[in-house]
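Written below as structure tokens is the structure these notes are about.
Residue numbers (my numbering): 165 to 305.
Right under this line is the structure:
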């Protein structure tokens, strides 16, 4: 199994709630960095980072979407267009709902429509800059 873990620069809480809404999922589980156990004095967080998200999980109809904020003082993560999130599911209506919700504050790169390789396929960039491929799972020729 491969799962997606998205990293944010202070927007993970907002993003977890956004994606829960996009997928019609229950409220996400969110653990703040200030809630993490402290095992030693070196585990102290920089001031102002207690409310950053250490871990969040959105339980969608297609699987788990995990998120967190960059760890303060750690390597700064840079958004990268070299990967895409693929959403595959058999329910066309749900796929259309998710695609439309992602596009609402994002950008449609390829409309959701039949293609030569998939009966329903589209590409969208969401409000956070993540690229999504949305496709129906049916037997392929």
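Glycine included, every Cβ here is placed at the ideal spot set by N, Cα and C.
Residue i, DSSP secondary structure in three states
{"i": "residue 185", "result": "helix"}
{"i": "residue 272", "result": "strand"}
{"i": "residue 170", "result": "strand"}
{"i": "residue 262", "result": "helix"}
{"i": "residue 267", "result": "helix"}
{"i": "residue 180", "result": "helix"}
{"i": "residue 257", "result": "helix"}
Per-residue burial, residue i [other beta carbons within 10 Å of its own, 16 or more giving buried]
{"i": "residue 232", "result": "buried"}
{"i": "residue 183", "result": "buried"}
{"i": "residue 256", "result": "exposed"}
{"i": "residue 242", "result": "exposed"}
Enclosing alpha helix (DSSP H) for residue i [first to last residue]
{"i": "residue 196", "result": "Here residue 196 belongs to no alpha helix (DSSP H); instead the beta strand (DSSP E) covers 193-196."}
Short Cβ contact (7 Å threshold) for residue i with residue j
{"i": "residue 168", "j": "residue 229", "result": "yes"}
{"i": "residue 291", "j": "residue 269", "result": "yes"}
{"i": "residue 177", "j": "residue 222", "result": "no"}
{"i": "residue 195", "j": "residue 213", "result": "no"}
{"i": "residue 179", "j": "residue 192", "result": "no"}
{"i": "residue 299", "j": "residue 282", "result": "yes"}
{"i": "residue 280", "j": "residue 249", "result": "no"}
{"i": "residue 288", "j": "residue 259", "result": "no"}
Continuous beta strand (DSSP E) stretch holding residue i: start and end
{"i": "residue 219", "result": "217-224"}
{"i": "residue 285", "result": "285-289"}
{"i": "residue 228", "result": "227-233"}
{"i": "residue 300", "result": "295-300"}
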